[in-house]
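Residue 1416 in my numbering sits at position 121 of the sequence shown; the count goes up by one each step and never skips. I have placed the structure first, in the form of structure tokens, so that the comments after it can refer back to it.
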Amino acid sequence: MKIAIIGIGGVGGYYGGLLAKRYSDDKDVEIVFIARGNHLEHIKKNGLNLITEKGTFTVRPDVATDIPSGCTIFDCVIFCVKAYSLEESAKLLSPYIDENTVVISLLNGVDNADRLSAVLNKGKIFNGCVYIGAHIVRPGVVQQAGSLNKLFFGNESDDKIKANQIEHILKEAGIDAQYRTDIKHIVWEKYVLISAFATATTFLDKTMRGVIDSEKGKELLDNLLTEVFRVSEAKGIELPKNIKEEIIAKVSTFPPDIKTSMQMDFEKGNQTELETFTGYIVREAGKHGLSAPTYKRIYSALQKKLHV
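Next up, the structure:
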């Protein structure tokens, strides 16, 4: 089984690191990291240093590369890149994917499986999402924080044989992975949380806990959640009635200093996922004739902030 993880950031570094650790001496499972820049060079030279709640360790994948030239067809490819890099990454790996390759998207957003299908037009495409707090500390070092650690993947077909095999491999590496046929709803439940919080934290310059611990933050968050629920309903996604309460309860368990990835990208002047988290809701609301004034106002403000 040849598994490639593309995008060795917080998510890809954590899950890829656990896979590399578990299967380092297993001739039946080969782990390939696809990364770039200084991060890749540090991994090649010193391995990937992974700081977790359960300890710190260094792993070395079987292969670490930026361009998988010379590789044979992958049995599984796990996409952990930023949403704005998905098409570019899919084109890069397309020559190493065939009709039997399991392709799993763990990106933020709800339309990634469709985007992958449009580019690849092959492979067994699975959508997915994760609940985890992890980030790159510096090149070659990834840190995970908090007790939350769940990975969901699946599709609506009955293609269970390879899915169960991948699920087993992930679980053997200590990953709380679940294959689900209702993945569309699970991805939307995650998206509702992260879209509203990414938008609110970036706009208010507060941590996730900081948003729910302030009256202004709670009011803004409530408006955002109401608007994103309207869009999900218009798209035929029926979310749990008590999802607002579930979201608040979940975020209440997070460490107080946890920020969203979009917020950190804005702070660092990096390319952001504003279009995925905020712009997408504005556009979809417009398509369905819905009002999303809070998203629209913040989207406009953050667009201006990007160009200051």
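We put the CB at the ideal spot given by N, CA and C, even for glycine.
How is the beta strand (DSSP E) around residue i delimited, first residue to last?
{"i": "V1398", "result": "V1397 to S1400"}
{"i": "S1442", "result": "V1436 to G1449"}
{"i": "G1581", "result": "Where G1581 is concerned, there is no enclosing beta strand (DSSP E), although the alpha helix (DSSP H) it sits in stretches over Y1575 to K1582."}
{"i": "A1596", "result": "No beta strand (DSSP E) holds A1596; the alpha helix (DSSP H) holding it covers P1588 to L1601."}
{"i": "Y1474", "result": "A1472 to Y1474"}
{"i": "F1374", "result": "C1371 to F1374"}
{"i": "A1378", "result": "No beta strand (DSSP E) holds A1378; DSSP gives it neither H nor E."}
{"i": "Y1426", "result": "K1419 to R1433"}
{"i": "T1360", "result": "V1358 to T1360"}
{"i": "I1300", "result": "K1297 to I1301"}
Which one of the options has the shortest CA to CA distance from residue i?
{"i": "T1496", "options": "P1588, K1479 and E1514", "result": "E1514"}
{"i": "F1549", "options": "H1583, I1427 and Q1438", "result": "I1427"}
{"i": "K1340", "options": "K1297, K1349, V1506 and V1358", "result": "V1358"}
{"i": "G1332", "options": "Y1594, A1472 and I1303", "result": "I1303"}
{"i": "V1546", "options": "V1506, G1350, M1559 and G1574", "result": "V1506"}
{"i": "Q1439", "options": "L1313, L1465 and Q1566", "result": "L1313"}
{"i": "L1616", "options": "P1434, I1478, R1578 and D1552", "result": "Nothing about residue 1616 can be read from this structure; the chain reaches only from 1296 to 1603."}
{"i": "A1493", "options": "D1454, I1576 and R1525", "result": "I1576"}
{"i": "E1562", "options": "F1498, I1481, A1408 and S1442", "result": "F1498"}
{"i": "V1437", "options": "F1352, S1586 and K1466", "result": "F1352"}
{"i": "I1489", "options": "S1556, D1454, K1457 and G1449", "result": "S1556"}
{"i": "L1516", "options": "V1405, A1587 and K1600", "result": "A1587"}
{"i": "D1560", "options": "A1544, L1601 and G1531", "result": "L1601"}
{"i": "A1468", "options": "G1305, R1317 and V1306", "result": "R1317"}
{"i": "V1397", "options": "G1305, I1461 and E1382", "result": "I1461"}
Look at the alpha carbon of residue i and the alpha carbon of residue j, and state the distance between them as a whole number of angstroms.
{"i": "D1320", "j": "I1301", "result": "21 Å"}
{"i": "H1463", "j": "S1400", "result": "18 Å"}
{"i": "I1542", "j": "S1527", "result": "16 Å"}
{"i": "N1416", "j": "F1369", "result": "16 Å"}
{"i": "D1393", "j": "A1299", "result": "14 Å"}
{"i": "G1418", "j": "S1509", "result": "46 Å"}
{"i": "L1597", "j": "V1324", "result": "44 Å"}
{"i": "K1501", "j": "K1591", "result": "20 Å"}
{"i": "K1297", "j": "V1432", "result": "28 Å"}
{"i": "D1361", "j": "A1330", "result": "5 Å"}
{"i": "V1425", "j": "T1367", "result": "28 Å"}
{"i": "K1554", "j": "L1345", "result": "19 Å"}
{"i": "I1470", "j": "N1444", "result": "8 Å"}
{"i": "E1484", "j": "R1504", "result": "19 Å"}
{"i": "L1335", "j": "P1434", "result": "8 Å"}
{"i": "N1407", "j": "N1422", "result": "7 Å"}
{"i": "L1465", "j": "P1356", "result": "15 Å"}
{"i": "A1529", "j": "N1518", "result": "17 Å"}
{"i": "K1511", "j": "R1525", "result": "22 Å"}
{"i": "K1457", "j": "N1395", "result": "9 Å"}
{"i": "R1578", "j": "Q1566", "result": "20 Å"}
{"i": "K1599", "j": "D1552", "result": "26 Å"}
Quick one, are the C-beta atoms of residue i and residue j less than 8 Å apart?
{"i": "A1491", "j": "L1520", "result": "yes"}
{"i": "F1374", "j": "S1384", "result": "yes"}
{"i": "V1487", "j": "I1420", "result": "no"}
{"i": "A1580", "j": "E1522", "result": "yes"}
{"i": "E1568", "j": "Y1310", "result": "no"}
{"i": "S1388", "j": "V1372", "result": "Here residue 1388 is Leu; the residue named in the question, Ser, does not match the sequence. Taking 8 Å as the Cβ cut-off, L1388 and V1372 qualify as a contacting pair."}
{"i": "A1429", "j": "G1308", "result": "yes"}
{"i": "R1410", "j": "G1449", "result": "no"}
{"i": "T1571", "j": "N1403", "result": "yes"}
{"i": "V1482", "j": "V1405", "result": "yes"}
{"i": "E1382", "j": "S1442", "result": "no"}
{"i": "R1480", "j": "I1532", "result": "According to the sequence provided, residue 1480 is His. The question's Arg does not apply to it. Cβ distance < 8 Å, so H1480 and I1532 count as in contact."}
{"i": "Y1594", "j": "G1564", "result": "no"}
Taking the alpha helix (DSSP H) that residue i belongs to, which residues open and close that run?
{"i": "R1331", "result": "From DSSP, R1331 is part of no alpha helix (DSSP H); its letter is neither H nor E."}
{"i": "N1407", "result": "N1407 to L1415"}
{"i": "T1494", "result": "I1478 to L1499"}
{"i": "H1463", "result": "K1455 to E1467"}
{"i": "A1385", "result": "L1381 to L1388"}
{"i": "V1506", "result": "M1503 to I1507"}
Compute every distance between the C-beta of residue i and the non-hydrogen atoms of the ligand GTP, then say whether any falls below 7 Å.
{"i": "Q1460", "result": "Only the bare structure without any ligand can be found here, which leaves the ligand GTP out of the picture."}
Legend entry - Contained beta strand (DSSP E) runs [length at least 3] in the segment 1303–1356, N- to C-terminal order: 1325–1329, 1343–1347 and 1350–1354
Legend entry - Segments assigned alpha helix (DSSP H), at least 4 residues, entirely inside the segment 1525–1582: 1538–1547, 1556–1563 and 1575–1582
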